[in-house]
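Data block below; observations after.
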Amino acid sequence: MRRLVACCFATTLLASMMHAEAVAALVVKPSAGHSMNRHGSVMASLRSVMPGSPDVAVLDRLVFSTPLQQFRIERSRAKRLHRWIITATDGCTAPLIGSSGKSFDFRIACERHDLAYANYSTLSRMNLGVEWDSALRARVDDQFQRDLQESCLRRRHSERLRCDAWVVVFFHAVRLAAGP
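Take the sequence shown: its position 87, counting from 1, is numbered 79 in this note's numbering, and each next residue is one higher.
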C-alpha cells in the first residue's frame, strides 16, 4: 500500500512538472515480470523517459561541488533545467540573531543547507536513488559548517574570530536539531 501511495504521489508530482502532452506518457503499466520493488520500480521507468527528472548527481553537484559564491547562480540555472528541484528556503532560522550580524552573513550557506535537506529527504521518500539517513545528514551538515567558515573568511581578522564563534553556535544548533 505504501508503494502504491508513493507511486501515485510521485506520478502526480511529476505530472504537475511536465507539459500536458507528456502527461499521457506517465500511464505506465508494469509488464509481466516487472516488479514494483525499489530497484525495478515503475518510478525508474518514469525517470528514464522524462527529461529533467530527479537526478541525485545534479543535487550532489549543487550541494557538495559548487563553490559557495556561485551557489545562487547555479541554483537558479539548475531550477530552470530541473524543475523538480525544491528551492524554497527560510534562510537561517536561528532565534534572536537571524542570518546576519555585524561580523557574519550566513544566508547563502543556509540557503544551500535548506536546499539539501528539502531535496535529499524528498528524493528519499520517493525512493529516487538516495537514502536520507544520519550519514547523509551529517555529510550535509559538515558541508554547511564549511560554508559557514567560508563566509567568515572575507572578514578582517578581528571580525573573523567573532564570526568563527557564531559558526560553532550555528553548526551545533543544526546538529542538535537534525538528530543522530
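Here a beta-carbon is modelled for each residue, glycine too, at the ideal position from N, C-alpha and C.
query: Run of the alpha helix (DSSP H) containing D134, from where it starts to where it stops; result: S126 to L145
query: Span of the alpha helix (DSSP H), counted from its first residue to its last, around E66; result: F63 to L73
query: Close beta carbons around F56, own chain, < 7 Å, minus the five adjacent residues each side; result: Q135
query: Coarse secondary structure for D82, derived from DSSP in three states; result: coil
query: Distance CB(S143)-CB(F98) smaller than 8 Å; result: yes
query: Beta-carbon proximity check, V122 vs V50, cutoff 8 Å; result: no
query: Residue-level contact to chain B via CB, I77, 8 Å cutoff; result: Absent here is chain B; the protein component of the structure consists of one chain.
query: Alpha-carbon to alpha-carbon, R67 and H74; result: 10 Å
query: Reduced DSSP secondary structure (H/G/I, E/B, other) of F96; result: strand
query: Outcome for R129 when other beta-carbon atoms lying within 10 angstroms are tallied against a minimum of 16; result: buried
query: Supposed close pair L120, T79 - CB separation, criterion 8 Å; result: Their Cβ separation, rounded to whole angstroms, is 17 Å, which puts L120 and T79 out of contact at 8 Å.
query: Cβ-Cβ distance between D139 and A101 below 8 Å; result: yes
query: Selected residue, minimal CA-CA separation from D156, among L54, F96 and L115; result: F96
query: Whole-angstrom distance between S45 and R154, CA atom to CA atom; result: 43 Å
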